[in-house]
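One point on numbering: in the UniProt record's numbering, the residue at position 9 of the sequence shown is 9, and numbering is uninterrupted.
Below is one structure; the comments refer to it alone.
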Amino acid sequence: MTYQFEVMTQEQAEDISYNWHYEGEYSFYDMEADEEDLQEFVDPELRGDSKFAVMKNSELVGFFIVTKVENLTYDIGLGMRPDLTNKGMGLEFVNAGLDFIKKKYNPSKISLSVATFNQRAINVYRKLGFKDVHTFMQNTNGSTFEFLKMEYECVNEL
Numbered sequence: 001m002t003y004q005f006e007v008m009t010q011e012q013a014e015d016i017s018y019n020w021h022y023e024g025e026y027s028f029y030d031m032e033a034d035e036e037d038l039q040e041f042v043d044p045e046l047r048g049d050s051k052f053a054v055m056k057n058s059e060l061v062g063f064f065i066v067t068k069v070e071n072l073t074y075d076i077g078l079g080m081r082p083d084l085t086n087k088g089m090g091l092e093f094v095n096a097g098l099d100f101i102k103k104k105y106n107p108s109k110i111s112l113s114v115a116t117f118n119q120r121a122i123n124v125y126r127k128l129g130f131k132d133v134h135t136f137m138q139n140t141n142g143s144t145f146e147f148l149k150m151e152y153e154c155v156n157e158l
């Protein structure tokens, strides 16, 4: 069974925001760790239709956030349900998200930012063809963290 992408419902947003808790340093990605991120997720007006629930076998397994940044460039944020992480599913999950974004938005470029400590995710992104652009410091979750900006060039597959 493949992944399905649908505009996130209020129930899904609340489930992710309040019930998904990652272990160790990855607790950085808990929605409750950053009040601004939490509000953007649980407030239907702020959430809009740019946040997608990812379903597999009728089960919520992750999410993708898609934001147009310029012309045909889209920035993404994503997360996989905590109990599914570090099980070798990341490549398939992110690849499905890229396919969805390419079909829905027809971008020329997809960008993302990832905390530099998250080498698991960085390895997945590099395997899928994302290139490192630069690192930067970002205030979030009550402190300042280093992030890596990465970009993926979309190729027209005719």
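Glycine residues also receive a C-beta, built at the ideal position from the N, C-alpha and C atoms.
- Taking C-beta atoms as the reference points, lysine 56 and tyrosine 3 count as a pair closer than 7 Å.
- DSSP, read as helix, strand or coil, puts tyrosine 29 in helix.
- Looking from the CA of threonine 144, the closest CA among Tyr22, Phe100, Val54 and Phe28 belongs to Phe28.
- Between aspartate 75 and valine 7 a beta carbon distance of about 18 Å is seen, past the 8 Å cut, so the two are scored as non-contacting.
- When Pro107, Ile122, Asn106 and Tyr105 are compared, the shortest CA-CA separation from serine 113 is found for Ile122.
- Under the three-state reduction of DSSP output, serine 143 falls in the strand class.
- Excluding its 5 nearest sequence neighbours in each direction, phenylalanine 147 has C-beta neighbours in its own chain below 8 Å: Ser113, Val114, Ala115, Thr116, Thr135, Phe136, Met137 and Gln138, listed in chain order.
- Per DSSP, leucine 78 is one residue of the beta strand (DSSP E) stretching across 73-80.
- Per DSSP, the unbroken alpha helix (DSSP H) holding leucine 98 starts and ends at 90-105.
- The three-state secondary structure of glycine 24, taken from DSSP, is helix.
- Rounded to whole angstroms, phenylalanine 52 and phenylalanine 63 show a C-alpha spacing of 5 Å.
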